[in-house]
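Colleague: Just so you know, we're using numbering that gives the first Met the number 0 here: the sequence shown kicks off at 0 and counts up by one.
Shown below is the structure under consideration.
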Amino acid sequence: MNKFKLEKLLTHRRWIEEKKERELAEVVVQLNKEDQKLDSYRSLENKYQGMLNDRQIKGTTALENNLYAVFLTQLSTRIKAQQEILVQVKSQVDQKREELLITLKDRKLLEKLKEKKNLLFKKDLLIKDRKFLDELGVNKFNQKQ
(Lines of atoms letter the chains of each structure in order from A; the text may use other names.)
(Lines give C-alpha, C1' and ligand atoms only; values in the text may rest on other atoms or scores of the structure.)
Protein backbone atom coordinates (compact mmCIF):
# COMPACT_ATOMS: atom_id res chain seq x y z
CA MET A 0 0.00 0.00 0.00
CA ASN A 1 1.35 3.37 -1.00
CA LYS A 2 0.89 5.87 1.79
CA PHE A 3 2.47 9.33 1.73
CA LYS A 4 3.79 9.99 5.21
CA LEU A 5 3.53 13.76 4.79
CA GLU A 6 -0.10 13.77 3.57
CA LYS A 7 -1.31 15.65 6.65
CA LEU A 8 1.36 18.27 6.13
CA LEU A 9 0.37 18.57 2.48
CA THR A 10 -3.28 18.99 3.46
CA HIS A 11 -2.26 21.62 5.99
CA ARG A 12 -0.19 23.46 3.37
CA ARG A 13 -3.19 23.45 1.00
CA TRP A 14 -5.34 24.90 3.77
CA ILE A 15 -2.74 27.60 4.44
CA GLU A 16 -2.58 28.37 0.73
CA GLU A 17 -6.35 28.80 0.56
CA LYS A 18 -6.19 31.06 3.62
CA LYS A 19 -3.47 33.18 2.01
CA GLU A 20 -5.53 33.41 -1.19
CA ARG A 21 -8.52 34.67 0.81
CA GLU A 22 -6.33 37.20 2.65
CA LEU A 23 -4.92 38.46 -0.64
CA ALA A 24 -8.41 38.75 -2.11
CA GLU A 25 -9.57 40.77 0.92
CA VAL A 26 -6.64 43.17 0.62
CA VAL A 27 -7.21 43.55 -3.14
CA VAL A 28 -10.86 44.42 -2.43
CA GLN A 29 -9.68 46.98 0.14
CA LEU A 30 -7.21 48.38 -2.42
CA ASN A 31 -10.02 48.80 -4.95
CA LYS A 32 -12.20 50.57 -2.37
CA GLU A 33 -9.39 52.93 -1.39
CA ASP A 34 -8.64 53.63 -5.05
CA GLN A 35 -12.31 54.41 -5.70
CA LYS A 36 -12.33 56.71 -2.68
CA LEU A 37 -9.29 58.56 -4.07
CA ASP A 38 -10.98 58.85 -7.46
CA SER A 39 -14.11 60.29 -5.85
CA TYR A 40 -12.02 62.84 -3.91
CA ARG A 41 -10.26 63.88 -7.11
CA SER A 42 -13.51 64.22 -9.05
CA LEU A 43 -14.97 66.24 -6.18
CA GLU A 44 -11.90 68.46 -6.24
CA ASN A 45 -12.23 68.97 -9.99
CA LYS A 46 -15.93 69.73 -9.65
CA TYR A 47 -15.49 72.35 -6.93
CA GLN A 48 -12.41 73.85 -8.58
CA GLY A 49 -14.50 74.29 -11.73
CA MET A 50 -17.32 75.81 -9.70
CA LEU A 51 -14.87 78.22 -8.05
CA ASN A 52 -13.44 79.22 -11.42
CA ASP A 53 -16.95 79.83 -12.81
CA ARG A 54 -17.90 81.92 -9.80
CA GLN A 55 -14.70 83.94 -10.00
CA ILE A 56 -15.41 84.71 -13.65
CA LYS A 57 -18.99 85.75 -12.86
CA GLY A 58 -17.85 87.71 -9.83
CA THR A 59 -18.40 86.55 -6.28
CA THR A 60 -17.70 87.83 -2.82
CA ALA A 61 -14.41 87.29 -1.08
CA LEU A 62 -16.20 85.24 1.56
CA GLU A 63 -17.45 82.74 -1.06
CA ASN A 64 -14.03 82.54 -2.63
CA ASN A 65 -12.50 81.97 0.80
CA LEU A 66 -15.01 79.21 1.62
CA TYR A 67 -14.23 77.43 -1.65
CA ALA A 68 -10.49 77.83 -1.06
CA VAL A 69 -10.75 76.40 2.47
CA PHE A 70 -12.87 73.49 1.24
CA LEU A 71 -10.46 72.77 -1.61
CA THR A 72 -7.51 72.91 0.78
CA GLN A 73 -9.19 70.40 3.10
CA LEU A 74 -10.02 68.21 0.11
CA SER A 75 -6.41 68.39 -1.06
CA THR A 76 -5.31 67.26 2.40
CA ARG A 77 -7.74 64.34 2.23
CA ILE A 78 -6.39 63.40 -1.20
CA LYS A 79 -2.82 63.35 0.10
CA ALA A 80 -3.86 61.24 3.10
CA GLN A 81 -5.79 58.89 0.81
CA GLN A 82 -2.75 58.56 -1.45
CA GLU A 83 -0.70 57.50 1.58
CA ILE A 84 -3.36 54.97 2.54
CA LEU A 85 -3.30 53.67 -1.03
CA VAL A 86 0.48 53.23 -0.87
CA GLN A 87 0.14 51.31 2.40
CA VAL A 88 -2.57 49.03 1.01
CA LYS A 89 -0.52 48.41 -2.14
CA SER A 90 2.35 47.41 0.12
CA GLN A 91 0.02 45.00 1.94
CA VAL A 92 -1.06 43.52 -1.41
CA ASP A 93 2.57 42.98 -2.38
CA GLN A 94 3.29 41.39 1.00
CA LYS A 95 0.28 39.06 0.75
CA ARG A 96 1.28 38.08 -2.79
CA GLU A 97 4.77 37.24 -1.59
CA GLU A 98 3.38 35.17 1.30
CA LEU A 99 1.07 33.33 -1.10
CA LEU A 100 3.96 32.67 -3.46
CA ILE A 101 6.05 31.17 -0.65
CA THR A 102 3.13 29.02 0.48
CA LEU A 103 2.52 27.90 -3.10
CA LYS A 104 6.18 26.88 -3.47
CA ASP A 105 6.03 24.91 -0.21
CA ARG A 106 2.94 23.03 -1.34
CA LYS A 107 4.35 22.30 -4.78
CA LEU A 108 7.52 20.97 -3.20
CA LEU A 109 5.49 18.50 -1.14
CA GLU A 110 3.40 17.52 -4.15
CA LYS A 111 6.55 16.81 -6.16
CA LEU A 112 7.85 14.73 -3.28
CA LYS A 113 4.56 12.82 -3.19
CA GLU A 114 4.69 12.26 -6.95
CA LYS A 115 8.27 10.95 -6.71
CA LYS A 116 7.19 8.59 -3.97
CA ASN A 117 4.28 7.39 -6.14
CA LEU A 118 6.60 6.81 -9.08
CA LEU A 119 9.04 4.87 -6.90
CA PHE A 120 6.19 2.80 -5.52
CA LYS A 121 4.90 2.00 -9.02
CA LYS A 122 8.40 1.16 -10.21
CA ASP A 123 8.96 -1.11 -7.21
CA LEU A 124 5.57 -2.75 -7.78
CA LEU A 125 6.41 -3.30 -11.44
CA ILE A 126 9.75 -4.90 -10.52
CA LYS A 127 8.03 -7.19 -8.01
CA ASP A 128 5.38 -8.15 -10.58
CA ARG A 129 8.08 -8.88 -13.15
CA LYS A 130 10.01 -11.02 -10.64
CA PHE A 131 6.84 -12.88 -9.75
CA LEU A 132 5.96 -13.52 -13.39
CA ASP A 133 9.56 -14.60 -14.12
CA GLU A 134 9.41 -17.01 -11.20
CA LEU A 135 6.08 -18.40 -12.45
CA GLY A 136 7.55 -18.88 -15.89
CA VAL A 137 10.62 -20.64 -14.48
CA ASN A 138 8.44 -22.89 -12.31
CA LYS A 139 6.20 -23.88 -15.26
CA PHE A 140 9.28 -24.53 -17.38
CA ASN A 141 10.76 -26.70 -14.64
CA GLN A 142 7.45 -28.58 -14.24
CA LYS A 143 7.39 -29.44 -17.94
CA GLN A 144 10.84 -30.98 -17.85
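Cβ atoms here follow ideal geometry from the backbone N, Cα and C, with glycine treated the same way.
Could you give the residue range of the alpha helix (DSSP H) that holds Phe3?
Modeller: No alpha helix (DSSP H) contains Phe3, which DSSP labels as neither H nor E.
Colleague: Which residue wins for smallest C-alpha separation from Ile84, given the options Phe70, Asp34, Leu135, Leu124?
Modeller: The shortest C-alpha separation from Ile84 is found at Asp34.
Colleague: DSSP three-state call for Thr10: helix, strand or coil?
Modeller: In the structure shown, Thr10 sits in a helix (DSSP, three-state: H, G or I).
Colleague: Just verifying my parser: in three-state terms, what is the DSSP assignment at Gln144?
Modeller: Gln144: coil per DSSP, three-state reduction.
Colleague: Taking just the CA atoms, how far does Lys130 sit from Asn138?
Modeller: Whole-angstrom Cα-Cα distance: 12 Å.
Colleague: I need the straight-line Cα distance from Glu97 to Lys113, nearest angstrom please.
Modeller: In a straight line, the C-alpha of Glu97 is about 24 Å away from that of Lys113.
Colleague: Looking at C-alpha atoms only, which residue of Lys32, Val69, Gln55, Thr60 is the closest neighbour of Glu44?
Modeller: That would be Val69, whose Cα lies nearest to the Cα of Glu44.
Colleague: Can you tell me the Cα-Cα spacing of Leu5 and Val26, whole angstroms?
Modeller: One C-alpha to the other measures close to 31 Å.
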